[in-house]
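Worksheet: one structure, shown below.
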Amino acid sequence: MRAFHTLAAFASLGCAAAAVCTDVTAENYGVDSACAPAPAFYCPDLKAENYQDPASLGSTNPVPLYALCTYGLYACNDMTADNFVSWWYGMYTSASTGASPPWPQRALGKYTSVPALCQYHGCNDTAAANYDSKATYNDGTCVYAKRGCMDPTSATYSAAFTESCAWAPPPPKAPPSAPPPSSPPPPHPMPPPIIPPFDPPWPHSPSLPTIPPPPALPKLPFPPPF
């Protein structure tokens, strides 16, 4: 019995200690309980434009909410392009200049204009008569010249031809250019020796002395007979 009275006393003290939450920022403001912090909703997607790190919120009750995430859209904003969609302007905040405006509570994303994404139909064949330099893909409308005889006096004339088949003579060929002058041969390292012409010294050379004839031998007497 004493234990029952003790528990009843503690219960009465607990009821007396309960107080109403007076924090106006609390989730349970005005309720007879401890104040609960209000949730701080944030976008948890790392690929979103407005991703937030929960540690940077400064709240003790961060709550991830993917519905808050906003994503960038890169598209063509040329109304004359084939892939222009008018409702993109109403769904996305325009940021063509690269600026980042403040996001509204329910913004779906950022709209960035990329002219290179625009697609235009037309004839993109440079050989066609109706070539369109703005066309990014061929829509099958290319028109080509019909070459034939456009002389009404000719038997092969046809009004359907749009280009004459008469070919102009080719321009004369330019004469071949002269070859560049050849470079002179390199100098010889040693000039060859100069050899005078051969002139035999005899018998025309006057520089040699004249040799006199030998003297005549004396006549010996005839030997005596035996």
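Numbered by mature numbering (1 follows the signal peptide of the UniProt record, and there is no 0), the letters in the sequence shown go through residues -19 to -1, 1 to 207 in order.
Here a beta-carbon is modelled for each residue, glycine too, at the ideal position from N, C-alpha and C.
Checklist entry - Along the chain, where does the beta strand (DSSP E) that runs through G53 open and close? => result For the purposes of this step, residue 53 is taken as the residue at position 72 of the sequence shown. Counting along the chain, the beta strand (DSSP E) containing G53 begins and ends at 52 to 56.
Checklist entry - Among A21, D63, E144, F142, which one has its Cα closest to the Cα of Q100? => result Residue numbering aside, residue 100 sits at position 119 when the sequence shown is read from its first letter. The residue with the shortest Cα to Cα distance from Q100 is D63.
Next on the checklist: For A19 and A7, which I take to be in contact (beta-carbon distance under 8 Å), what is that distance rounded to the nearest angstrom?
Outcome noted: Start at 1 with the first residue of the sequence shown, and residue 19 comes out as number 38. Start at 1 with the first residue of the sequence shown, and residue 7 comes out as number 26. With a Cβ gap of about 6 Å, A19 and A7 count as contacting.
Checklist entry - Is C50 closer than 9 Å to P25 when the C-beta atoms are compared? => result Here residue 25 refers to the residue found at position 44 when the sequence shown is read from its first residue. Here residue 50 refers to the residue found at position 69 when the sequence shown is read from its first residue. It is a contact, given that the beta carbons lie within the stated cut-off.
Next on the checklist: Excluding the 5 residues flanking A141 on each side, which residues of the same chain have their C-beta closer than 8 Å to its C-beta?
Outcome noted: Start at 1 with the first residue of the sequence shown, and residue 141 comes out as number 160. So the qualifying residues of the chain are K127, G129.
Next on the checklist: Give me the DSSP bridge partner(s) of V44.
Outcome noted: Working through the sequence shown from its first residue, we reach residue 44 at position 63. For V44, which the question treats as bridged, DSSP gives the partners F22.
Checklist entry - Is L38 near A56, with beta carbons less than 9 Å apart? => result Working through the sequence shown from its first residue, we reach residue 38 at position 57. Working through the sequence shown from its first residue, we reach residue 56 at position 75. Going by C-beta atoms, L38 is not nearer than 9 Å to A56.
Checklist entry - Secondary structure at S114, three-state DSSP: helix, strand or coil? => result Mapped onto the sequence shown, residue 114 falls at position 133. In this structure, S114 counts as coil in the three-state DSSP scheme.
Checklist entry - Cβ atoms of T122 and C104: under 9 Å apart, would you say? => result Position 123 of the sequence shown, counted from the first residue, corresponds to residue 104. Position 141 of the sequence shown, counted from the first residue, corresponds to residue 122. Closer than 9 Å, so yes.
Item to check | Reference L54; option with closest CA among P151, P170, A29 | outcome: For the purposes of this step, residue 54 is taken as the residue at position 73 of the sequence shown. Among P151, P170, A29, the Cα nearest to that of L54 belongs to A29.
Checklist entry - Mind checking Y118: buried by the 16 CB within 10 Å criterion, or exposed? => result Position 137 of the sequence shown, counting from 1, holds the residue named residue 118. Classification for Y118: exposed.
Checklist entry - Exposed or buried, which one is N42 when buried takes at least 16 other CB atoms within 10 Å? => result The residue given as residue 42 occupies position 61 in the sequence shown. Exposed.
Item to check | For A7, three-class secondary structure by DSSP | outcome: Residue mapping note: residue 7 aligns to position 26 of the sequence shown, counting from 1. If DSSP states are grouped into helix, strand and coil, A7 belongs with the strands.
Checklist entry - Secondary structure at S145, three-state DSSP: helix, strand or coil? => result Sequence index remark: in the sequence shown, residue 145 carries index 164 (1-based). Reduced to three states, the DSSP call for S145 is strand.
Checklist entry - Smallest Cα separation from Y52: which of T143, T93, S40, A108? => result The count along the sequence shown starts at 1 and reaches residue 52 at position 71. The candidate whose alpha carbon is nearest that of Y52 is T93.
Checklist entry - Grouping DSSP H, G and I as helix and E and B as strand, with all else coil, what is S14? => result Here residue 14 is taken as the residue at index 33 of the sequence shown, counted from 1. Coil.
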